[in-house]
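Taking it in order: structure first as structure tokens, then the write-up.
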Ligand SMILES: *Cc1c(COP(=O)(O)O)cnc(C)c1O
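Numbering (our numbering), first residue to last: 28 to 399.
What follows is the structure, given as structure tokens:
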């Protein structure tokens, strides 16, 4: 494999499921704005109002003077939303994961991590100094055999997984993982970055859908994806949250999120509660698209709003992406090291703004591109 050169591509505008480069507009199939909330008027209004009232910046870390009542309002709301005792806001999901794991585990402890975990979870595990064991993706037998042979040699043990996987769009077997962690005296941490706002009766995530809110020890997720804002959250026991405030370096040593961002995030939790049709439509459309792609005999994975088409080598993925671009669809090829070698893919990421007509056009476009 040659070295993949990554470049930045500034858009002139985006939102509502579309992206523009200069004058050219595309249907955007590569954002995480799953519910279309990034352009929701109520969120923008809440952001503007908070900036007017509290200013543009928090101007200090939470433990100095950057801590506003507003941050605590969001933490109460997110804890209630996720049905956990306490919440803590982080400046991004990346910062949350690199900090939380290190505050929970240290040298002499063990981490059992799904092989396809996001880079932020991988980095957090490595930084912690704990011994890291990676189990094959969603492979409970592999996890159990690692626990059987290794668990007892270490102090604390933490199992880490995503609930909906970012590049495969599939779901972790959460109920089974919870029973395994109980049996082996571990804690479990679940990253709900791609599930928050979408799964579960109340849209709080896959953990809610599986009835596992009380049995998952540490839950994190981001506000920057389906919630249409920015920042991240941890929800857990009060004891764990207090421990983070005292020892999580990425929480302590960084300026607090600005008031506008916090107020926008509070507003978006209200919208998830009040507008369930967004997630219902999204998931129905995802089923429609997945079925359409399968009927083209494409190798499609996942069971969520993230729909990867596995194409194998880099060239095929790039050619397909270019062919779609010609037809007005912006779907980017995902290549190693983001995904395993030989599994280059197009990752189609649906949003509420993608209508059936748009999806039908996409299926047509792919059927023609396939003939290339
Ligand atoms: C995007 C993502 C993160 C990072 O969140 P940011 O808020 O974008 O930093 C963490 N975990 C997973 C699984 C993600 O997909």
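We treat Cβ as the ideally placed atom computed from N, Cα and C, and that holds for glycine. The structure presented is a predicted model; accordingly, all values stated were derived computationally and were not measured.
**Study point:** Short Cβ contact (8 Å threshold) for residue 371 with residue 338
**Key:** As a position in the chain shown, residue 371 is number 344, starting the count at 1. As a position in the chain shown, residue 338 is number 311, starting the count at 1. The beta carbons of residue 371 and residue 338 sit closer together than 8 Å.
Review point. So does residue 380 have its beta carbon nearer than 7 Å to some heavy atom of ligand 1?
Key: Numbered from 1 along the chain shown, position 353 holds the residue referred to as residue 380. The answer is no for residue 380.
Check your understanding: Taking one C-beta from the region 107-121 and one from the region 133-144 each time, how about it: are there three or more such pairs within less than 8 Å?
Key -> No contact exists between the region 107-121 and the region 133-144.
Review point. Excluding sequence positions up to five away, which residues of its chain have a Cβ less than 8 Å from the Cβ of residue 55?
Key: Taking the first residue of the chain shown as 1, we reach residue 55 at position 28. The beta carbon of residue 55 sits closer than 8 Å to those of 41, 44, 45, 46, 357 and 378, all from its chain and outside the five residues before and after it, given in chain order.
Check your understanding: Got a sec? Which residues, its chain only, sit under 7 Å from residue 49 by beta carbon, not counting five neighbours each side?
Key -> On the chain shown, residue 49 is found 22 positions in, with the first residue counted as 1. So the qualifying residues of the chain are 39.
Point to revise | Inter-residue Cα distance where the pair is residue 305 and residue 315 | key: For the purposes of this step, residue 305 is taken as residue 278 along the chain shown, with counting starting at 1. For the purposes of this step, residue 315 is taken as residue 288 along the chain shown, with counting starting at 1. As the crow flies, the alpha-carbon of residue 305 is around 15 Å from that of residue 315.
Review point. So residue 396 and residue 347 are in contact, right, with Cβ under 8 Å, and what is the actual spacing, rounded?
Key: Residue numbering aside, residue 396 sits at position 369 when the chain shown is read from its first letter. Residue numbering aside, residue 347 sits at position 320 when the chain shown is read from its first letter. Taking the Cβ atoms as the reference, residue 396 lies roughly 5 Å from residue 347, within the contact range of under 8 Å.
Review point. Enumerated in chain order, which unbroken segments of the alpha helix (DSSP H) with a length of 4 residues or greater are wholly contained in the region 222-298?
Key: The qualifying runs are 233-236, 265-274 and 276-279.
Point to revise | Beta-carbon proximity check, residue 243 vs residue 225, cutoff 8 Å | key: On the chain shown, position 216 is the one that residue 243 refers to. On the chain shown, position 198 is the one that residue 225 refers to. With respect to the 8 Å criterion, residue 243 and residue 225 are not classified as neighbours on the basis of their beta carbons.
Practice item. Label residue 376 either buried or exposed according to how many other C-beta atoms from any shown protein chain fall within 10 Å of its C-beta, with 16 as the threshold for buried. Key: Within the chain shown, the letter at position 349 stands for residue 376. Flag for residue 376 reads buried.
Review point. Closer than 7 Å: is that where the CB of residue 193 sits relative to any heavy atom of ligand 1?
Key: For the purposes of this step, residue 193 is taken as residue 166 along the chain shown, with counting starting at 1. Between ligand 1 and the CB of residue 193, the shortest heavy atom gap is smaller than 7 Å.
Point to revise | Range covered by the beta strand (DSSP E) that runs through residue 53 | key: Walking along the chain shown from the start, residue 53 turns up at place 26. From DSSP, the beta strand (DSSP E) with residue 53 extends over 51-55.
**Study point:** Cut-off 8 Å between Cβ atoms - residues of its own chain near residue 69, not counting five sequence neighbours on either side
**Key:** The residue you call residue 69 lines up with position 42 of the chain shown. The residues are 294, 297 and 298.
Review point. How about the region 151-161 and the region 188-207: do they share at least three Cβ pairs that are nearer than 8 Å?
Key: Fewer than three pairs of CB atoms, one per stretch, sit closer than 8 Å, so the region 151-161 makes no contact with the region 188-207.
**Study point:** Own chain partners of residue 171 with C-beta closer than 7 Å, once the 5 adjacent residues on each side are dropped
**Key:** Looking up residue 171 in the chain shown gives position 144. So the qualifying residues of the chain are 207.
Check your understanding: Using CA coordinates, which residue listed in 211, 109 and 223 is at the minimum distance from residue 190?
Key -> The residue given as residue 190 occupies position 163 in the chain shown. By alpha-carbon distance to residue 190, the top candidate from 211, 109 and 223 is 223.
Exercise for review: Say whether the region 254-263 touches the region 59-73, bearing in mind that this needs 3 or more beta-carbon pairs closer than 8 Å, one atom from each stretch.
Suggested key: The count of Cβ pairs closer than 8 Å, one atom from the region 254-263 and one from the region 59-73, reaches three, so the stretches are in contact.
Point to revise | Contact between the region 76-84 and the region 266-275 (3+ Cβ pairs under 8 Å) | key: Two segments are said to touch when three or more pairs of C-beta atoms, one from each, lie closer than 8 Å; by this definition the region 76-84 does not touch the region 266-275.
Check your understanding: Is any heavy atom in ligand 1 found nearer than 7 Å to the beta carbon of residue 121?
Key -> Reading the chain shown from its first residue, position 94 is the one you call residue 121. True, at least one ligand heavy atom lies under 7 Å from that Cβ.
Check your understanding: Can you tell me whether residue 364 is buried or exposed, with buried defined as 16 or more other CB within 10 angstroms of its CB?
Key -> Taking the chain shown and counting its residues from 1, one reaches residue 364 at position 337. Exposed, by the Cβ-count rule.
Review point. Roughly how many angstroms lie between the CA atoms of residue 74 and residue 367, to the nearest whole one?
Key: The residue labelled residue 74 in the question sits at position 47 within the chain shown. The residue labelled residue 367 in the question sits at position 340 within the chain shown. Distance between the alpha carbons of residue 74 and residue 367 is about 39 Å.
Practice item. Taking all protein chains shown into account, decide if residue 32 is buried (16 or more other Cβ within 10 angstroms of its Cβ) or exposed. Key: For the purposes of this step, residue 32 is identified with residue 5 of the chain shown, where counting begins at 1. Within a 10 Å sphere around the beta-carbon of residue 32 sit fewer than 16 other beta-carbons, which makes this residue exposed.
Practice item. May I ask you to check if the CB of residue 147 is nearer than 7 Å to at least one heavy atom of ligand 1? Key: Counting from one through the chain shown, the residue named residue 147 turns up at place 120. For residue 147, the Cβ falls inside the 7 Å cut-off from some heavy atom of ligand 1.
Check your understanding: Roughly how many whole angstroms lie between the Cα atoms of residue 325 and residue 350?
Key -> As a first step, residue 325 must be located in the chain shown, where it is residue number 298. As a first step, residue 350 must be located in the chain shown, where it is residue number 323. Within the model, the alpha-carbon separation for residue 325 versus residue 350 is close to 16 Å.
Point to revise | residue 122, buried or exposed, once every other Cβ within 10 Å from all chains shown has been counted against 16 | key: Residue numbering aside, residue 122 sits at position 95 when the chain shown is read from its first letter. Classified as buried, residue 122 has 16 or more neighbouring CB atoms from the shown chains inside 10 Å of its CB.
Exercise for review: Quick one: grab the DSSP three-state call for residue 79.
Suggested key: The residue you call residue 79 lines up with position 52 of the chain shown. If DSSP states are grouped into helix, strand and coil, residue 79 belongs with the helices.
Review point. Is any heavy atom of ligand 1 found at a distance shorter than 7 Å from the C-beta of residue 164?
Key: Reading the chain shown from its first residue, position 137 is the one you call residue 164. Taking the Cβ of residue 164 as the reference point, every heavy atom of ligand 1 lies at 7 Å or farther away.
Point to revise | Rounded C-alpha distance that separates residue 99 from residue 105 | key: The residue you call residue 99 lines up with position 72 of the chain shown. The residue you call residue 105 lines up with position 78 of the chain shown. C-alpha separation (whole angstroms): 10 Å.
Practice item. Would you mind working out which of 329, 127 and 336 sits nearest residue 390, comparing C-alpha positions? Key: Numbered from its first residue, the chain shown carries residue 390 at position 363. Nearest of 329, 127 and 336 to residue 390, Cα basis: 336.
Check your understanding: Would you call the CB atoms of residue 221 and residue 333 closer than 8 Å?
Key -> In the chain shown, counting from the first residue as 1, residue 221 sits at position 194. In the chain shown, counting from the first residue as 1, residue 333 sits at position 306. Between residue 221 and residue 333, the C-beta gap is smaller than 8 Å, which places the two residues in contact.
Check your understanding: Taking just the CA atoms, how far does residue 361 sit from residue 196?
Key -> Sequence index remark: in the chain shown, residue 196 carries index 169 (1-based). Sequence index remark: in the chain shown, residue 361 carries index 334 (1-based). So the alpha carbons of these two residues sit roughly 13 Å apart.
Point to revise | Extent of the continuous alpha helix (DSSP H) to which residue 385 belongs | key: Within the chain shown, numbered from 1, the residue matching residue 385 stands at position 358. Element bounds for residue 385: 383-397.
Review point. Mind checking whether the beta-carbon of residue 211 lies closer than 7 Å to any heavy atom of ligand 1?
Key: Start at 1 with the first residue of the chain shown, and residue 211 comes out as number 184. Proximity of the beta carbon of residue 211 to ligand 1 is not indicated: no heavy atom of the ligand is located closer than 7 Å.
Review point. Quick one: does the C-beta of residue 41 sit closer than 7 Å to a heavy atom of ligand 3?
Key: This structure lacks ligand 3; the ligands present are ligand 1.
Review point. Looking only at C-alpha atoms, which of 354, 217, 90 and 184 sits nearest to residue 148?
Key: Within the chain shown, residue 148 is the residue found at index 121, counting from 1. Distances from the alpha-carbon of residue 148 to those of 354, 217, 90 and 184 put 217 closest.
Practice item. Tell whether a beta-carbon distance below 8 Å holds between residue 57 and residue 359. Key: Working through the chain shown from its first residue, we reach residue 57 at position 30. Working through the chain shown from its first residue, we reach residue 359 at position 332. A distance below 8 Å separates the beta carbons of residue 57 and residue 359.
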